[in-house]
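> Can you keep this structure in mind? I'll have questions shortly.
In structure tokens form, the structure reads like this:
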């Protein structure tokens, strides 16, 4: 396993969670001394309760040592208490963004994103977007293939970017998620082939209009935006693990020409395929 996970806290032992479940904390805060990345979970009433000073001090020490700190949902309040978010962008659950601004006015709070990566400190909007943040970290640490594999095991969308809006008011959708998940999986195995809205809708068994509307509700992007991002992610994977040329990869992922791949690669990722391959090869 590339990661070893330990649960730690100010007081090791059984802990009663605000969700009514009991948890066992196996390690004290000294465990942060060896961690490469520390996840700070969300907690209840962050707008009124300060985190224990021992936790704040341990987070600061871990960061000073070079560890990355990642807050899930309201865990951003604990991270903000360290002062490490001052002058930086951060997010938290939309219900608590105003409280975060009030308690920590030096933090640049963005309530309209799923997660924010500021390098050594990262924050996510909520529990579900915490998964997006973890997949983002996994993608950076181990590559696109590992991230996509984990996303499929979780039945999660591999392509939700941090800049996507975290709160989209909508009625409860009909139970089409499993059908659409199967359609996405079907498409992922055919990225080198022509894929159209009509073709995807037919595979899902609904009209193109219904498919497009429900797809946006489920993933936050249009079907063809998702297909393009899937093609770019497959291109990233091939750039990472193969020696195929940019022209060959463009054909493999259904973009036809190297020029077309470069255009969309630059637009989505802000770099060229060749530069991406060189950076990844250097391990940067």
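Numbering (the working numbering), first residue to last: 738 to 1021.
For every residue, glycine included, the Cβ atom is placed at its ideal position computed from N, Cα and C.
1) What residue does the alpha helix (DSSP H) around residue 987 start on, and which one ends it?
2) Name the residue from 945, 890, 808 whose alpha carbon lies nearest to the alpha carbon of residue 853.
3) Would you please state the rounded distance, in angstroms, between the beta carbons of residue 836 and residue 850? I believe it to be under 8 Å.
4) Ignoring anything shorter than 3 residues or poking outside the segment 799 to 856, list the beta strand (DSSP E) runs there in chain order.
5) How should residue 881 be labelled, buried or exposed, when 16 other C-beta atoms within 10 angstroms of its C-beta is the threshold for buried?
6) To the nearest angstrom, how far is the alpha carbon of residue 906 from that of residue 979?
7) Please classify residue 750 as buried or exposed, where buried requires at least 16 other C-beta atoms within 10 Å of its C-beta.
8) Determine the extent of the beta strand (DSSP E) in which residue 1002 is found, giving its start and end residues.
9) Please classify residue 864: is it buried, with 16 or more other beta-carbons within 10 angstroms of its beta-carbon, or exposed?
10) With distances taken from CA atoms, which of 993, 755, 872 is nearest residue 890?
11) Pull up the DSSP beta-bridge partners for residue 859, would you.
12) In chain order, what residues of the same chain lie with their CB nearer than 6 Å to the CB of residue 902, ignoring the 5 residues before and after it?
13) Might you give, ordered along the chain, the residues of its own chain that have their beta carbon closer than 8 Å to the beta carbon of residue 922, omitting 5 neighbours on each side?
14) Taking the alpha-carbon of residue 856 as reference, which of 964, 815, 739, 774 has the nearest alpha-carbon?
15) Give the range of the beta strand (DSSP E) segment to which residue 759 is assigned.
16) Tell me, please, which residues DSSP counts as bridged to residue 775.
17) Measure the Cβ-Cβ separation of residue 777 and residue 815 and say whether it is below 8 Å.
18) Whose CA, out of 944, 759, 866, 1006, lies closest to the CA of residue 957?
19) Could you spell out where the alpha helix (DSSP H) holding residue 945 opens and where it closes?
20) In the DSSP output, which residue or residues are listed as bridge partners for residue 752?
21) Could you tell me how far apart the beta carbons of residue 870 and residue 841 are, in whole angstroms, since I believe they sit closer than 8 Å?
Straight from the coordinates:
1) 983 to 989
2) 808
3) Contact doesn't hold; Cβ gap of about 17 Å is too wide.
4) 805 to 808, 852 to 854
5) buried
6) With a pLDDT of only 34 at residue 906, under 50, the local geometry of the prediction cannot be trusted, and the value read off the model is given with reservation. So the alpha carbons of these two residues sit roughly 42 Å apart.
7) exposed
8) Counting along the chain, residue 1002 falls outside any beta strand (DSSP E), though it belongs to the alpha helix (DSSP H) covering 995 to 1006.
9) exposed
10) 872
11) 807, 854
12) Confidence at residue 902 is low in this model, with a pLDDT of 49, below 50, so the placement of that residue is unreliable and no value is reported for it.
13) 889
14) 774
15) 759 to 762
16) 806
17) yes
18) 866
19) 945 to 956
20) 760
21) The Cβ separation is near 19 Å, so there is no contact.
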